[in-house]
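Student: Quick note: the sequence shown uses our numbering, first residue 26, plus one each step.
A virtual CB, placed ideally from N, CA and C, is assigned to each residue, including glycine.
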Amino acid sequence: MATELAARVSGISKFYGEFAAVSDLSFDVEAGLIYGILGPNGAGKSTTLRMLNDIIAPDQGEIELLGKYHPGLEAARHIGYLPEERGLYPKMRVGETLEFFGQLRGLEPAEARRRSAGWLERLGLASWTNKKIQDLSKGMQQKVQFASALIHEPELLILDEPWSGLDPLNAEVLREIVLEHKARGHTVLFSTHLMEQAEQICDRVC
26 MATELAARVS GISKFYGEFA AVSDLSFDVE AGLIYGILGP NGAGKSTTLR
76 MLNDIIAPDQ GEIELLGKYH PGLEAARHIG YLPEERGLYP KMRVGETLEF
126 FGQLRGLEPA EARRRSAGWL ERLGLASWTN KKIQDLSKGM QQKVQFASAL
176 IHEPELLILD EPWSGLDPLN AEVLREIVLE HKARGHTVLF STHLMEQAEQ
226 ICDRVC
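(1) Any contact of the stretch 123-142 with the stretch 156-167, i.e. 3+ C-beta pairs under 8 Å?
(2) Do Gly-57 and Gly-210 have their C-beta atoms closer together than 9 Å?
(3) Report buried or exposed for Gly-44, applying the criterion of at least 16 other Cβ atoms within 10 angstroms of its Cβ.
(4) Give me the Cβ distance between Thr-72 and Ala-32, rounded to the nearest whole Å; I'm assuming they're in contact under 8 Å.
(5) In terms of DSSP beta bridges, what is Asp-185 paired with?
(6) Report the rounded CA-to-CA distance for Ser-48 versus Glu-180, giving the unit in angstroms.
(7) Which residues in the same chain as Gly-7 place their Cβ atom closer than 8 Å to its Cβ, once the five residues preceding and following it in sequence are excluded?
(8) For Val-34, which residues does DSSP report across the bridge?
(9) DSSP three-state label for Met-26, please.
(10) Measure how close the beta-carbons of Lys-116 and Leu-148 come, nearest whole angstrom, since I'm counting them as under 8 Å.
(11) Taking the alpha-carbon positions, what's the Arg-139 to Ile-88 distance?
(12) Answer yes or no: do Tyr-114 and Ile-158 have a C-beta to C-beta separation smaller than 9 Å?
(13) Are the CB atoms of Trp-144 and Leu-184 within a distance shorter than 9 Å?
(14) Let me know if Lys-93 comes out buried or exposed under the rule of 16 or more other beta-carbons within 10 Å of its beta-carbon.
(15) How big is the Cα-Cα spacing for Ile-80 and Pro-96?
(16) According to DSSP, what are the bridge partners of Lys-157?
(17) Counting along the chain, where does the alpha helix (DSSP H) carrying Gly-143 start and finish?
(18) Assuming Leu-199 and Pro-187 make a contact with CB atoms under 8 Å, what is their CB distance in whole Å?
(19) Look up Ala-68 in the DSSP assignment and say whether it is helix, strand or coil.
(20) For Gly-36, which of Met-76, Gly-67, Leu-30, Ser-51 has the nearest alpha-carbon?
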């Protein structure tokens, strides 16, 4: 029986002038596993994840997601993405932010509100629900953005350096959530430049 794949990357390359940010990269991500892309800064990890999320297009090669999608709007409803460049709307309130991302990914308003409240409680941010994003510390903003990637319970969760800048306590909270997401039958793909992080959590490493 063929192994079900959450992602298949076949010979992708991305060039900026003469510089090859990614060159002829291929890998498969088996469904239901935690898969790490390990490499030093500047190795093309973020560029690869951006191509999987249709932020930029590969110059060569093909990407297939969840067995039937190519990167784009249709695939986005089934994928959660935490980019390397953390970016939330600073004037929006915390609860509104999560509700917005939930509805953007196809949740009904009432369900988005319910899940938003649940995530803020889980992450210790319930008392900040009506505060503006700009009033939060960088670490707190990162937790909100992490929740925004998970609020719609994506089949494939893609995280770019998810623990960067977090203190050990919050890093452990997010690690537990990633493991729980896998335990519910979903797939996680994340990038890191730290071997220790990859060894602690990954089933496979590229």
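Tutor: Taking the definition as stated:
(1) no
(2) By one-based count along the sequence shown, residue 57 stands at place 32. By one-based count along the sequence shown, residue 210 stands at place 185. For Gly-57 and Gly-210, yes; Cβs fall inside 9 Å.
(3) Here the question's residue 44 lines up with position 19 in the sequence shown. Inspection of the sequence shows that residue 44 is occupied by Phe rather than by Gly. Label assigned to Phe-44: exposed.
(4) On the sequence shown, residue 72 is found 47 positions in, with the first residue counted as 1. On the sequence shown, residue 32 is found 7 positions in, with the first residue counted as 1. Going by Cβ atoms, the distance from Thr-72 to Ala-32 rounds to 15 Å, so no, they are not a contact pair.
(5) Locating residue 185 in the sequence shown gives position 160, where the first residue counts as 1. In DSSP, Asp-185 forms a bridge with Ser-216.
(6) What you label residue 48 is simply residue 23 of the sequence shown in a count that begins at 1. What you label residue 180 is simply residue 155 of the sequence shown in a count that begins at 1. Going from the Cα of Ser-48 to the Cα of Glu-180 covers about 27 Å.
(7) As shown, the chain starts at 26 and ends at 231. That puts residue 7 outside it, with no answer to give.
(8) Walking along the sequence shown from the start, residue 34 turns up at place 9. BP columns for Val-34 point to Phe-52, Ile-88.
(9) Walking along the sequence shown from the start, residue 26 turns up at place 1. Confidence in Met-26 is poor, its pLDDT being 43 and thus under 50, which makes the residue's placement unreliable; the coordinate value appears in the next sentence. Met-26 falls in the coil class under three-state DSSP.
(10) Residue numbering aside, residue 116 sits at position 91 when the sequence shown is read from its first letter. Residue numbering aside, residue 148 sits at position 123 when the sequence shown is read from its first letter. About 21 Å separates the two Cβ atoms, so there is no contact after all.
(11) Counting from 1 along the sequence shown, the entry for residue 139 is found at position 114. Counting from 1 along the sequence shown, the entry for residue 88 is found at position 63. Answer to the nearest angstrom: the Cα atoms are 34 Å apart.
(12) Residue numbering aside, residue 114 sits at position 89 when the sequence shown is read from its first letter. Residue numbering aside, residue 158 sits at position 133 when the sequence shown is read from its first letter. Against a cut-off of 9 Å, the Cβ pair of Ile-158 and Tyr-114 comes out as a contact.
(13) Residue 184 sits at position 159 when you count from the first residue of the sequence shown. Residue 144 sits at position 119 when you count from the first residue of the sequence shown. It is not a contact, given that the beta carbons lie outside the stated cut-off.
(14) Reading the sequence shown from its first residue, position 68 is the one you call residue 93. Its Cβ having fewer than 16 others within 10 Å, Lys-93 is exposed.
(15) Start at 1 with the first residue of the sequence shown, and residue 80 comes out as number 55. Start at 1 with the first residue of the sequence shown, and residue 96 comes out as number 71. Their backbone Cα atoms lie some 9 Å apart in a straight line.
(16) Translated into the one-based positions of the sequence shown, residue 157 becomes position 132. Lys-157 pairs with Arg-118.
(17) Locating residue 143 in the sequence shown gives position 118, where the first residue counts as 1. Taken as a continuous stretch (DSSP letters only), the alpha helix (DSSP H) holding Gly-143 covers 134-147.
(18) Residue mapping note: residue 199 aligns to position 174 of the sequence shown, counting from 1. Residue mapping note: residue 187 aligns to position 162 of the sequence shown, counting from 1. Indeed they touch by this definition, with Cβ atoms about 6 Å apart.
(19) Counted from its first residue, the sequence shown places residue 68 at position 43. In this structure, Ala-68 counts as coil in the three-state DSSP scheme.
(20) On the sequence shown, residue 36 is found 11 positions in, with the first residue counted as 1. Among Met-76, Gly-67, Leu-30, Ser-51, the Cα nearest to that of Gly-36 belongs to Ser-51.
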